[in-house]
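S.K.: A single structure is presented below for examination.
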Amino acid sequence: MTNEATYDETAEVEVIRGEPRVDPPDAPVLADGLGCHSGSEMEKAARLSGNSEMLDQFAKDYPKGPHDQPQSMCPAFGSLRVGLRMKRVATVLSGSACCVYGLTFVSHFYGARRSVGYVPFNSETLVTGKLYEDIRESVHEMADPERFDAIVVTNLCVPTASGVPLRLLPKEINGVRIVGIDVPGFGIPTHAEAKDVLAGAMLNYAREEIKAGPVRAPAGGKSDRPTVALLGEMFPADPMMIGAMLAPMGLAAGPVVPCREWRELYAALDCGVVAAIHPFYTAAIREFEAAGRPIVGSAPVGHDG
Ligand code: SF4
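First residue of the sequence shown: 39, per my numbering; consecutive thereafter.
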């Protein structure tokens, strides 16, 4: 009998490139005393580094609260959790070590049970563009089609402010899809909107795949009735209850977006109509509209309800 604790080492932050660092002494923005509360300065930097169009779109999609700081804990938790809950999807974060520490801590607290990839940086790798090269090399190393359908790479605040260009990553490596998103605390108010950023990016990718040719069929085959795609996370039993209410109308419940498996994205886009159950999914709605799907909004809640 021993008093020594045993630890599960498998669900820790995985440092993919470079040396593990707990608190980079020269992390460029945070070392200067700037962080979640420094949205306006980081936003200025992001605009100077070519991210104006993206930030303008965020401002249109996601109204901010009374100030420019995140309105919840690190918003990127929303998109991180969406990726971690999908089968055969790997997640990689690019950001300051302290941000990554908090995000992975909360992910594992919520039972992520899998590794979160991390590409560390310092001032030099950030300003010379080496960080982008490290990220690119990492996704090449990780892109194993036996293990993954997709790899999601997320820029947190500092790499977004510095304009690390994830859009230049290859779209696909060895058949593994690469999805790069920016989820800065300035621009994305809460983790609810961050879920939409990733859901929208994945739907966009899947829509292009559908346009390019045949895609994988849904796991249980295609429904013989028109389906209602359910937009917004819900409890596991909810789609069954909703399905029972839809059946007398000759409709079936479609996939829930954010999805749990890549091919559900195709089935969601193939729906008859989208029920926007949560109100935050602006980018996802844009993709459904581009696919020609009508959207039914949810009833107002809270004060308006
Ligand atoms: S990434 Fe999240 S924790 Fe880090 S500075 Fe931005 S909002 Fe704060």
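Positions of the beta carbon are idealized from the N, C-alpha and C atoms, including for glycine.
Would you give the residue range spanned by the beta strand (DSSP E) that leucine 207 belongs to?
M.R.: Element bounds for leucine 207: n/a, residue is neither H nor E.
S.K.: Using 8 Å as the cut-off, classify the Cβ of glycine 201 as near or not near the heavy atoms of the ligand SF4, replying yes or no.
M.R.: Outside the cutoff, so no.
S.K.: Is there at least one non-hydrogen atom of the ligand SF4 closer than 8 Å to the beta-carbon of alanine 161?
M.R.: For the record, residue 161 in the displayed sequence is serine; it is not alanine. Result no, Cβ not under 8 Å from the ligand SF4.
S.K.: Whole angstroms are fine: how far does the CA of alanine 267 sit from the CA of serine 87?
M.R.: Those two C-alpha atoms are separated by around 37 Å.
S.K.: Would you kindly work out how many angstroms separate the C-alpha atoms of alanine 255 and arginine 174, rounded to a whole number?
M.R.: If you take the alpha carbons of alanine 255 and arginine 174, they lie about 31 Å apart.
S.K.: Run the proximity test for valine 177: is its beta-carbon closer than 8 Å to any non-hydrogen atom belonging to the ligand SF4?
M.R.: No - the ligand SF4 has no heavy atom lying nearer than 8 Å to the Cβ of valine 177.
S.K.: If you draw a straight line from the alpha carbon of glycine 288 to that of arginine 298, how long is it in whole angstroms?
M.R.: Going from the Cα of glycine 288 to the Cα of arginine 298 covers about 25 Å.
S.K.: For threonine 265, which three-state DSSP category applies?
M.R.: In this structure, threonine 265 counts as strand in the three-state DSSP scheme.
S.K.: Using a Cβ-based criterion (distance less than 8 Å to any ligand heavy atom), does alanine 114 qualify as near the ligand SF4?
M.R.: The answer is yes for alanine 114.
S.K.: From alanine 306 to arginine 245, what does the alpha carbon distance come to, in whole angstroms?
M.R.: For alanine 306 and arginine 245, the distance between alpha carbons rounds to 10 Å.
S.K.: What is the residue span of the beta strand (DSSP E) that proline 286 lies within?
M.R.: First-last for proline 286: undefined, no H or E at that position.
S.K.: Work out the CA separation of valine 311 and valine 334 for me, nearest whole Å.
M.R.: Going from the Cα of valine 334 to the Cα of valine 311 covers about 7 Å.
S.K.: Can you tell me where the alpha helix (DSSP H) with serine 176 in it begins and where it stops?
M.R.: Element bounds for serine 176: 168-180.
S.K.: Which same chain residues, not among the five before or five after proline 227, have their C-beta less than 8 Å away from its C-beta?
M.R.: Excluding sequence neighbours, proline 227 sits near Tyr100, Pro101, Lys102, Gly103, Pro108, Gln109, Ser110, Pro113.
S.K.: Under 6 Å Cβ to Cβ from valine 339, same chain only, skipping five residues before and after it: list those, please.
M.R.: Once the five neighbours on either side are set aside, valine 339 has no close Cβ partner at all.
S.K.: Once you ignore the five residues that flank glutamate 327 on each side, which residues in its own chain have a CB closer than 6 Å to its CB?
M.R.: Around glutamate 327: no qualifying Cβ.
S.K.: Tell me whether leucine 194, by its Cβ, gets closer than 8 Å to a heavy atom of the ligand SF4.
M.R.: Yes - the ligand SF4 has a heavy atom lying nearer than 8 Å to the Cβ of leucine 194.
S.K.: Could you have a look at arginine 215 and say whether DSSP puts it in helix, strand or coil?
M.R.: Looking at arginine 215 - three-state DSSP - the assignment turns out to be strand.
S.K.: Whole beta strand (DSSP E) runs in the stretch 134-162 with 3 or more residues, listed along the chain?
M.R.: Whole beta strand (DSSP E) segments, 3+ residues: 154-156.
S.K.: Inspect the CB distances between the stretch 114-133 and the stretch 76-90 and report whether three or more fall short of 8 Å.
M.R.: Touching, no, given that fewer than three Cβ pairs across the two stretches are closer than 8 Å.
S.K.: Between Ala329, Pro317, Ala128, Tyr139, which has its C-alpha nearest isoleucine 248's C-alpha?
M.R.: Of the candidates Ala329, Pro317, Ala128, Tyr139, the one whose C-alpha sits nearest the C-alpha of isoleucine 248 is Ala329.
S.K.: What's the call for aspartate 220, buried or exposed, on a 16-neighbour Cβ count within 10 Å?
M.R.: So aspartate 220 counts as buried.
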